[in-house]
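A quick write-up on the structure given underneath.
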Amino acid sequence: MSAVVHLKVAAPPSTGLSRFDFEAQLRKSGIDLPPLSIDTLQVNVTKLCNQVCRHCHVDASPQRREMLSPEGIAKCLEILERHPQITKLDITGGAPELHPGFDNFVEKAVVLGKHVMVRHNLTVQLDGHPQAGTSKEYLPQFFARNRVEVISSLPYYQEYFTDAQRGSGVFRKSMEAMQRLNREGYGVEGSGLLLNLVYNPVGPYLPAAQAGLEADYKRELKSKFGLVFNNLYTITNMPINRFKLHLNKTGQLESYMEKLLAAFNPSAAAGVMCRSLISVDHQGRIYDCDFNQMLEMEALDAKRKKLSIFDFDFGRTLGRPIQFGDHCFGCTAGAGSSCGGATA
Amino acid sequence: MSNYYESEDLKKFGDIGQHAKALADDFFRYYGNVTGTDGALTKREKALIALAVSHAQKCPYCIDAYTTQCLETGANPEQMMEAVHVAAVMQAGITLVHSVQMQNHLRKLVL
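Order-wise, the sequence lines are chains Y and U.
Each residue of the first sequence is one higher than the one before, starting from 1 at the first, in the numbering used here.
Each residue of the second sequence is one higher than the one before, starting from 345 at the first, in the numbering used here.
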């Protein structure tokens with residue numbers, strides 16, 4: 001069981017960092033970033049989590065109660081059914097498996113022929129539900145039966161960095177959970193069951209090159225634990241919420257923002273994920289991405305009206321201008337960063 | 345300025361171009377070509393060498409810069425500490441090997 005410390009998040013302190021103007025940077029670089037498509041519906045079904053990770057942009061913890069309603073789940077399924085253009089459902093949280101309607105959501109989306117991805121933190125298999133105490137040990141079999149793509153955070157192939165970021169004992173449990181997934185065929189060549197890992201730095205620095213790090217992970221996890229997986233996605237830490245608080249507390253926010261700005265990469269900007277997905281919160285509100293969701297920067301249509309799944313209109317949503325903020329420099333630094341890893 | 349080695353000064357590295365821009369440009373081009381790209385050595389290997397040299401030369405700016413660079417190239421703390429041990433053992437070895445000179449001179453002096 002992970003530590004159950006509730007990290008209360010204060011209102012974001014004034015950073016005085018207005019010089020980090022993302023839209024001005026885009027203009028300066030001659031880049032326009034309208035949405036290109038909506039191929040992925042990313043749904044944050046709950047902020048409840050069995051872990052309390054130090055960098056978590058969701059501020060998820062075992063104390064959180066936010067849950068997408070059954071009506072919200074039904075609406076997402078209806079949107080998926082009505083729009084063949086939306087081919088992928090990306091379920092995230094918190095630990096999304098802790099939502100009481102999670103299994104039903106996955107099964108029905110699979111019946112609709114959608115590619116379902118689950119942001120699975122591995123340890124929930126062993127920790128179970130932090131409030132109800134119910135077991136989640138069935139998840140590897142459930143995922144395999146539904147041929148869900150599993151995407152799991154593992155900040156490093158060693159205990160030191162992993163536990164520093166995700167809590168004491170998380171690395172050991174993650175290894176055991178990966179073994180269970182491998183036993184079902186996840187990550188095994190030829191099985192078609194995808195297990196992708198996510199690396200993100202354990203502090204205010206940029207990720208290493210994705211391909212090289214993936215080779216290191218594969219070699220080390222195979223040789224030390226006999227584990228296999230498919231791809232490694234490198235993701236940059238966003239200067240928001242819990243991680244931003246840490247940066248402020250340690251006096252590193254400004255230098256981190258300078259690092260992100262100095263590493264601004266126009267090619268990475270062109271591939272930002274907000275151009276092809278929309279993010280839905282537990283109240284059915286629509287955002288350009290999960291980070292905007294956590295900052296409560298709601299997506300607005302061309303007439304500046306808020307968007308929601310409850311009156312969803314594909315054309316109105318696709319025609320929206322994307323809302324940008326200074327945190328967006330996190331997605332455009334170096335090799336770029338998205339829910340699917342590097343973008344450039 | 346109240347102290348030598350202010351950490352804020354690391355950001356001013358580019359200022360070495362003041363009064364000698366052409367030479368600084370040459371240096372930074374060379375510096376970038378050597379450390380900033382994969383070659384016969386990977387960027388990570390170069391970062392670990394630079395970290396070792398930073399310790400041998402006792403440069404706090406370089407230690408900060410190359411600790412970060414090691415992490416940004418995917419190195420881990422074990423690799424970084426081993427690199428520092430290489431620097432340490434080289435310094436110890438260099439000191440000790442000079443005792444050969446001392447022995448040579450000793451033999452010359454002693455009847």
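All C-beta atoms, glycine included, are put in the ideal place defined by N, C-alpha and C.
{"query": "Burial state of P84(Y) (16 or more Cβ within 10 Å)", "result": "exposed"}
{"query": "The stretch 132-146 of chain Y / the stretch 177-190 of chain Y touching (three or more Cβ pairs under 8 Å)", "result": "yes"}
{"query": "Short-range partners of chain Y found in the stretch 400-427 of chain U, where Cβ spacing is below 7 Å", "result": "T412, L415, E416, T417, G418, N420 and P421"}
{"query": "Beta-carbon proximity of V116(Y) to V148(Y), cut-off 7 Å", "result": "yes"}
{"query": "Neighbour-count burial assignment, N241(Y), 16 or more Cβ in a 10 Å radius", "result": "buried"}
{"query": "Contact check, A431(U) vs A396(U), beta carbons under 7 Å", "result": "yes"}
{"query": "Counted within 10 angstroms of its Cβ, other Cβ atoms place D359(U) as buried (16 or more) or exposed", "result": "exposed"}
{"query": "Listed by chain order, chain U residues near P239(Y) by CB distance under 8 Å", "result": "By Cβ distance, chain U contributes nothing, its closest Cβ being about 16 Å from P239(Y), past 8 Å."}
{"query": "Proximity of P266(Y) and S29(Y) at Cβ, strictly below 7 Å", "result": "yes"}
{"query": "Cβ-Cβ separation, E71(Y) to L112(Y) (assumed contact under 8 Å), whole Å", "result": "The Cβ separation is near 18 Å, so there is no contact."}
{"query": "Where Y256(Y) meets chain U, residues with beta-carbon distance less than 9 Å", "result": "Correct list: empty, because the minimum Cβ distance to chain U is about 11 Å."}
{"query": "D39(Y) versus D127(Y): straight-line alpha-carbon distance, rounded", "result": "33 Å"}
{"query": "DSSP beta-bridge partners of N50(Y)", "result": "Answer is none; N50(Y) lacks a bridge partner."}
{"query": "Chain U contact for A302(Y) (CB, 7 Å cutoff)", "result": "no"}
{"query": "Three CB pairs or more closer than 8 Å across the stretch 304-317 of chain Y and the stretch 328-337 of chain Y", "result": "no"}
{"query": "Contact list for the stretch 209-220 of chain Y against chain U, Cβ threshold 9 Å", "result": "A209, G212, L213 and D216"}
{"query": "Sequence-distant residues of its chain with Cβ nearer than 6 Å to A364(U) (five each side left out)", "result": "none"}
{"query": "For Q118(Y): DSSP bridge partner residues", "result": "Gln is not the amino acid found at residue 118(Y); the sequence shown has Val there. BP columns for V118(Y) point to I91(Y) and V150(Y)."}
{"query": "Start-end ranges of the beta strand (DSSP E) lying completely within the stretch 264-305 of chain Y, minimum 3 residues", "result": "277-280"}
{"query": "Cβ neighbours of K390(U) in the same chain (closer than 6 Å, five flanking residues each side left out)", "result": "T379"}
{"query": "Chain U contact for K8(Y) (CB, 7 Å cutoff)", "result": "A caution first: K8(Y) carries a pLDDT of 40, below 50, which makes its placement in the model unreliable, though a value can still be read off. No, because no Cβ of chain U sits closer than 7 Å to the Cβ of K8(Y)."}
{"query": "Burial state of V5(Y), where buried means 16 or more other Cβ atoms lie within 10 Å", "result": "With a pLDDT of 42 at V5(Y), under the threshold of 50, the modelled position of this residue cannot be trusted, and the question is left open."}
{"query": "Host alpha helix (DSSP H) of H450(U) (start-end)", "result": "Sequence check: residue 450(U) is Leu here, not His. Element bounds for L450(U): S443 to L453."}
{"query": "Through-space distance from F161(Y) to E214(Y), alpha-carbon basis", "result": "16 Å"}
{"query": "C-beta neighbour in chain U for Q165(Y), strict 7 Å", "result": "no"}
{"query": "CB of F291(Y) within 7 Å of CB of Q25(Y), strictly", "result": "no"}
{"query": "Test item: CB-CB of Q131(Y) and D90(Y) under 7 Å", "result": "no"}
{"query": "Burial state of L450(U) (16 or more Cβ within 10 Å)", "result": "exposed"}
{"query": "Those residues which DSSP pairs with T195(Y) across a bridge", "result": "The amino acid at residue 195(Y) is misidentified as Thr; the sequence shows Leu. The partner list for L195(Y) (beta bridge, DSSP) reads V150(Y)."}
{"query": "C-beta contact flag for S174(Y) and L122(Y) at 7 Å", "result": "yes"}
{"query": "Beta carbon proximity, Y205(Y) to chain U, threshold 7 Å", "result": "yes"}
{"query": "Within-7 Å CB hit, C331(Y) to chain U", "result": "no"}
{"query": "Straight-line gap, A299(Y) to L277(Y) (C-alpha atoms, nearest Å)", "result": "12 Å"}
{"query": "Uninterrupted alpha helix (DSSP H) stretches inside the stretch 155-205 of chain Y (no shorter than 4 residues)", "result": "159-166 and 170-183"}
{"query": "Start-to-end residues for the beta strand (DSSP E) that takes in V111(Y)", "result": "Note, V111(Y): premise wrong, no beta strand (DSSP E); alpha helix (DSSP H) at F102 to V111."}
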